[in-house]
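Residue numbers (mature numbering (1 follows the signal peptide of the UniProt record, and there is no 0)): -23 to -1, 1 to 70. Ideal placement from N, C-alpha and C gives every residue a C-beta, glycine not left out. This report concerns only the one structure given below.
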C-alpha cells in the first residue's frame, strides 16, 4: 500500500508540474490591438470641431450633422438616442 501511495503522489506531482507549464505558456500570450485612427488635438472656435480623420481642420456641422465627441466624427443625421445636438455637438438630454 505504501508504494502505491508514493507512486500516485509522484504521478499527481508530475501532472501538476506539466499543467502549470501549459498554463504559464497560455498566460504569456499577449494580444495587441492597433487603432488606425488619427486623433485631432486642434483647438477650434465655438461651434466648430476637428474630426479624427487626419485632416486636422476645424469645421462646423453641415445640414443635419452633429459632432459626436465620443467618436470624434460628425454624425450625418443628428445624434444617437438619449442625446441632443447643442451648438453642433451631441450632448446628453
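Q. Helix or strand or just coil, what does DSSP make of residue 33?
A. Coil, per DSSP.
Q) Among the residues of its own chain, which have a CB less than 7 Å from the CB of residue 25, if the five just before and after it don't count? A) Close CB contacts of residue 25 within its chain, under the 7 Å cut and outside five residues either way in sequence, are with 35, 36 and 37 (chain order).
Q) Is the distance from the Cβ of residue 49 to the Cβ of residue 17 below 9 Å? A) Between residue 49 and residue 17, the gap from beta carbon to beta carbon is short of 9 Å.
Q.
Measuring alpha carbon to alpha carbon, tell me which residue in 60, 23 and -19 is nearest residue 45.
A. Measuring from the Cα of residue 45, the nearest candidate turns out to be 60.
Q: For residue 33, count neighbouring Cβ atoms within 10 angstroms of its own Cβ and tell me buried if that reaches 16, exposed if not.
A: Here residue 33 is exposed: its Cβ has fewer than 16 other Cβ atoms, across all protein chains shown, within 10 Å.
Q | Simplified DSSP assignment, three categories, for residue -20 | A | In this structure, residue -20 counts as helix in the three-state DSSP scheme.
Q.
On the DSSP bridge list, what partners appear for residue 68?
A. Residue 68 pairs with 61.
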